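S.K.: The numbering of the sequence shown is UniProt numbering, which starts it at 1 and goes up by one. Virtual Cβ for every residue (Gly too), placed ideally from N, Cα, C. Keep in mind the model is a prediction, meaning the values are calculated, not measured.
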Amino acid sequence: MLISMAIAFTLATRWFRRSLIKFPKPFDRLTGFNAFWYSHHLFAIVYILLIIHGVFLYLVREWYKKTTWMYLSVPILLYSGERALRFFRSGLYTVRLLKVAIYPGNVLTLHMSKPPQFRYKSGQYMFFQCPAVSPFEWHPFSITSAPGDDYLSVHIRQLGDWTQELRRVFSEACERPEAGMSGLLRADETTTKRLPKLLIDGPYGAPAQDYRKYDVLLLVGLGIGATPFISILKDLLNNIVKMEEQADLVSDISRTSDLTIGSNDTPTSSKVSPKRKKAVRTTNAYFYWVTREQGSFDWFKGVMNEVAELDQRGLIEMHNYLTSVYEEGDARSTLITMVQALNHAKNGVDIVSGTRVMTNYFV
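1. Are the segment 98-118 and the segment 64-84 touching by the rule of at least three beta carbon pairs closer than 8 Å?
2. Just curious, the alpha helix (DSSP H) that Thr10 is in, first and last residue?
3. Measuring CB atoms only, is the segment 229-244 touching the segment 306-316, in the sense that at least three cross pairs come out at less than 8 Å?
4. In chain order, what residues of the same chain have a beta carbon less than 7 Å from the beta carbon of Met318, not counting five sequence neighbours either side?
5. Can you check whether the CB of Gln129 is closer than 7 Å to the CB of Leu199?
6. Check Ser90 in the structure and name its three-state DSSP category.
7. Between Tyr47, Lys66, Tyr103, which has its C-alpha nearest Gly54's C-alpha?
8. Look up Val290 in the DSSP assignment and say whether it is helix, strand or coil.
9. Quick one: grab the DSSP three-state call for Arg194.
10. Count the C-beta pairs between the segment 5-18 and the segment 36-53 that are closer than 8 Å, then say yes if the count reaches three, no if not.
11. What is the rounded straight-line gap between the Cα of Gly205 and the Cα of Cys174?
12. For Phe170 versus Val95, is the C-beta distance shorter than 7 Å?
13. Ends of the alpha helix (DSSP H) at Ser142?
14. When we look at the beta-carbon of Leu159 and count the other beta-carbons within 10 Å, is it buried (16 or more) or exposed?
15. To the nearest angstrom, how far is it from the Cα of Arg167 to the Cα of Arg194?
16. Measure the CB-CB distance between Thr282 and Leu217 and report whether it falls below 7 Å.
17. I'd like the list of long-range same chain contacts for Tyr214, defined as Cβ closer than 8 Å, with 5 residues on each side in sequence excluded.
18. Could you check which residue in Phe16, Leu152, Gln164 has the C-alpha nearest to that of Ser142?
19. What three-state label does DSSP hand Tyr103 in the structure shown?
20. Could you give the distance in angstroms between the alpha-carbon of Ala285 and the alpha-carbon of Lys197?
21. Could you pull the start and end residues of the beta strand (DSSP E) that Ser153 belongs to?
22. Starting from Gln129, trace the alpha helix (DSSP H) in both directions and tell me its first and last residue.
23. Out of Gly105, Ser80, Arg61, Trp15, point me to the one whose CA is closest to His41's CA.
24. Per the DSSP calculation, Gly221 is bridged to which residue(s)?
25. Mark Trp15 as exposed unless 16 or more other C-beta atoms lie within 10 angstroms of its C-beta, in which case mark it buried.
26. With Tyr166 as the anchor, note down where its alpha helix (DSSP H) starts and where it stops.
27. Would Trp289 and His155 qualify as a contact pair, given that the criterion is a beta-carbon distance under 7 Å?
28. Consult DSSP for Pro203 and reduce its assignment to one of helix, strand or coil.
29. Can you tell me where the beta strand (DSSP E) holding Glu62 begins and where it ends?
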């Protein structure tokens, strides 16, 4: 029992879990998330040995006084129930990959079909399993699509052996576009190569999902940690577009009614006017994104451009910060700032991020 616990504890340390220690083959399999994950399943042996130890306790003879199994039965039942529920739920949602993209910075983006019964809120996350990588492992990732979108999307950065293998599997199915960015790989339903199968489970709650309760939002993300806030920005933007469309429709109906006063064919509001929805409580949202690599802006370029184009009322305010720049006062940094300001004033596009959102520098 102590040996099993020692093995699990050792492989859970930072050096082994993140592969900071390098071993020659075949001992390299002792490092990484997989070694940490599988070694922790030794807890089953530990629990069995604990029960045996309690049953054969020679100080107590009455069986009902040997209570070790009673205390262990509750967590064992809860864990077994959760694993069984996830196993059955894995076949509940059937998804089909629509688009795959690999961006600079080893970020894998997956767009998949949205199951009809899959309902979620912005800020929540779901678990993924890719049988081509591992038929047993489930990993959580924030949902970057909005609830109103007709698809599901996630952004996954390579940070361990499982995500590294996931990126490798999908990169083999991707094709480099003829006219595209250097290093950008894409795949969709028309790709000749077969895309790997995916299983999902969720959604699961997160603190960010309650953003609708607040008038003013302050969203701060670092690197890939901005993913839950991207979903929130998309949801806010979708609500803005719907509200503007509804206002335009009501205005058109009112104008038509004024022109046809006295006519028997005048449309009544009950027949034509759209169904009013509850107004969004949020009046302002401030999004601050700090990243170290310039290529990171490609991850959410589409969202930034949509916000800049469609948010005419200025409800969403976006601020990008790039940290991998020269120190303040350096001539090269000053030159970049000057060219950036001139190009943004002339063309409305930031030369650093390639979006309409101006990039700030932070050292």
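M.R.: The short version:
1. no
2. By 1-based counting over the sequence shown, the position of residue 10 is 10. 2-12 is the extent of the alpha helix (DSSP H) around Thr10.
3. yes
4. Sequence index remark: in the sequence shown, residue 318 carries index 318 (1-based). Same-chain partners within the cutoff: Phe287, Met304, Val307, Val357.
5. Taking the sequence shown and counting its residues from 1, the one referred to as residue 199 is at position 199. Taking the sequence shown and counting its residues from 1, the one referred to as residue 129 is at position 129. Against a cut-off of 7 Å, the Cβ pair of Gln129 and Leu199 comes out as a contact.
6. Position 90 of the sequence shown holds residue 90. Here Ser90 sits in coil by DSSP.
7. Taking the sequence shown and counting its residues from 1, the one referred to as residue 54 is at position 54. Nearest of Tyr47, Lys66, Tyr103 to Gly54, Cα basis: Lys66.
8. Numbered from its first residue, the sequence shown carries residue 290 at position 290. Strand.
9. In the sequence shown, residue 194 corresponds to position 194, counting from 1. Reduced to three states, the DSSP call for Arg194 is coil.
10. yes
11. In the sequence shown, the residue the question calls residue 205 occupies position 205. In the sequence shown, the residue the question calls residue 174 occupies position 174. Near 32 Å, if we compare the C-alpha coordinates of Cys174 and Gly205.
12. As a first step, residue 170 is located in the sequence shown; it is residue number 170 there, counting from the start. As a first step, residue 95 is located in the sequence shown; it is residue number 95 there, counting from the start. No, they are not a contact pair.
13. Indexing the sequence shown from 1 puts residue 142 at position 142. Segment 139-142 is the beta strand (DSSP E) holding Ser142; no alpha helix (DSSP H) there.
14. The count along the sequence shown starts at 1 and reaches residue 159 at position 159. Exposed, because fewer than 16 other Cβ atoms sit within 10 Å of the Cβ of Leu159.
15. As a first step, residue 167 must be located in the sequence shown, where it is residue number 167. As a first step, residue 194 must be located in the sequence shown, where it is residue number 194. The straight-line gap from Cα to Cα measures roughly 15 Å.
16. Numbered from its first residue, the sequence shown carries residue 282 at position 282. Numbered from its first residue, the sequence shown carries residue 217 at position 217. Yes, the Cβ-Cβ distance between Thr282 and Leu217 is below 7 Å.
17. One-based indexing of the sequence shown puts residue 214 at position 214. Around Tyr214: Arg281, Thr282.
18. Here residue 142 corresponds to residue number 142 of the sequence shown, with the count starting at 1. For Ser142, the nearest C-alpha among the options comes from Leu152.
19. One-based indexing of the sequence shown puts residue 103 at position 103. Note: Tyr103 maps to strand in three-state DSSP.
20. In the sequence shown, the residue the question calls residue 285 occupies position 285. In the sequence shown, the residue the question calls residue 197 occupies position 197. The alpha-carbon atoms of Ala285 and Lys197 are separated by roughly 37 Å.
21. Here residue 153 refers to the residue found at position 153 of the sequence shown. Start and end: 151-157.
22. The count along the sequence shown starts at 1 and reaches residue 129 at position 129. Per DSSP, Gln129 belongs to no alpha helix (DSSP H); it is in the beta strand (DSSP E), 125-129.
23. For the purposes of this step, residue 41 is identified with residue 41 of the sequence shown, where counting begins at 1. It is Ser80 whose Cα lies nearest to the Cα of His41.
24. In the sequence shown, the residue the question calls residue 221 occupies position 221. In DSSP, Gly221 forms a bridge with Trp289.
25. Position 15 of the sequence shown, counted from the start, is the residue given in the question as residue 15. Under this definition Trp15 is an exposed residue.
26. Locating residue 166 in the sequence shown gives position 166, where the first residue counts as 1. The question names Tyr, but residue 166 is Leu in the sequence shown. Taken as a continuous stretch (DSSP letters only), the alpha helix (DSSP H) holding Leu166 covers 161-173.
27. By one-based count along the sequence shown, residue 289 stands at place 289. By one-based count along the sequence shown, residue 155 stands at place 155. No, these two residues do not count as a Cβ contact at 7 Å.
28. Locating residue 203 in the sequence shown gives position 203, counting from the first residue. Note: Pro203 maps to strand in three-state DSSP.
29. For the purposes of this step, residue 62 is taken as residue 62 along the sequence shown, with counting starting at 1. Segment: none, Glu62 is in no beta strand (DSSP E) and carries neither H nor E.
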